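Heads up: the sequence shown is residues 409 to 670, going by my numbering. All residues carry an ideal CB built from backbone N, CA and C; glycine is no exception. Only a predicted model underlies this, so the values are computations on that prediction, with no experimental measurement involved.
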Amino acid sequence: MPISLSLVDSSKSKRACGSESYTSQIEAPPKIEIGKKKEFAPGRSFRPLRFAGQATVELFGPEPTLAAINRELRRDFDTGKDAIQEYFDKRREFLGRVGVPAEDENTTEPEYWTSQWLSIRNYTWAAGTGRSGISWFYRTWDVQTGKQVDLWTWFGSRKESLHVPGAGPVVATSGGSMTPKLRRFVFRHEGIDPGKVEENCESNYKEDAYYDLTLEAKGMRFAQPDFGDGCAIEIEVPYAELGPVLTPAGKAAVRRILESAK
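So, in structure tokens, the structure goes:
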């Protein structure tokens, strides 16, 4: 079979590898890429999905609501022309500057998954950046209803925080600041006196400090982003000890967690 070769001339471009004449020959409309299945726990697995540099996940398990949750997760993909163009523009910029079509590192995986609750973590490390380009967020679903839930409402409310983990907006409902009542309870549980902390760590103990709130195997975790300065606070309170600060809805939710673990 004859093969026809043609020369692509980008000699007049300052960044030949990122030029339109070169990249248009190697770019194709993006399609959803399906990764290999990974086991989360016996009977529960997931596989990563990617589209134009974006990431989400598909879940497999015994829960009937997973079909609806998977549809919701698929909607994470922005398939619009602007999103696709932005994806190609970033690849072109890196291709022209360093000769590699770099793109953001995006991952989405389940972090907590039982018959009652499911938590998904989205992580991004923006291409060409250091620690400041890292961001993440968590989302949690009630597996019995298939609806997303805000874990902070189990404690009544949460305060919005301007202190977010890395660049970019932190979406969903995992992050915020503790209310004064919740903060006092959590600090007392851990034996922390916010009036006796190292000077360089004072901002971590203020009322507007940022925390991720997540479900863990034995309790709920309040954790700050770790910037390597030794100041980050991470506290896990056992489910059975959360009662004094839970709302009625929160008590019912935690009761489900404890009963399902028996």
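Closest in alpha carbon position to residue 641, among 664, 547, 509, 605, is 605. The residue among 552, 636, 515 with its C-alpha nearest the C-alpha of residue 484 is 515.
With fewer than 16 other Cβ atoms inside 10 Å of its own Cβ, residue 635 counts as exposed. Residue environment for residue 666: exposed (fewer than 16 other C-beta atoms within 10 angstroms of its C-beta).
Counting C-beta atoms within 10 angstroms of its own C-beta, residue 508 has fewer than 16 neighbours from the protein chains shown and is therefore classed as exposed. For residue 479, the enclosing alpha helix (DSSP H) has its first and last residue at 474 to 482. In the displayed model, residue 461 falls within coil according to three-state DSSP, outside both helix and strand. For residue 650, the secondary structure class from DSSP, reduced to helix, strand or coil, is coil.
Its Cα nearest to that of residue 668, the residue 524 stands out among 631, 454, 524, 609. Just so you know, the alpha carbons of residue 496 and residue 560 end up roughly 38 Å apart.
Your pair residue 475 and residue 510 does not check out as a contact, with CB atoms roughly 35 Å apart and the cut at 8 Å.
CA-to-CA, the gap between residue 450 and residue 526 works out to about 15 Å. The C-beta separation of residue 619 from residue 585 comes to about 7 Å, placing the pair in contact by the 8 Å criterion.
The DSSP assignment places 513 to 521, 525 to 533 as complete runs of the beta strand (DSSP E) inside the region 507 to 545, in order along the chain (cut-off: 3 residues). Relative to residue 438, the option among 444, 481, 458 whose CA is nearest is 458. If you look at residue 666, you'll find it in the alpha helix (DSSP H) that goes 656 to 668.
CA-CA distance, residue 517 to residue 544, rounds to 12 Å. The DSSP-derived three-state label of residue 491 is helix. With a threshold of 16 other beta carbon atoms within 10 Å, residue 462 meets it and is buried. Here residue 663 has no same chain residue with a Cβ atom under 7 Å from its own Cβ, once five neighbours each way along the sequence are excluded.
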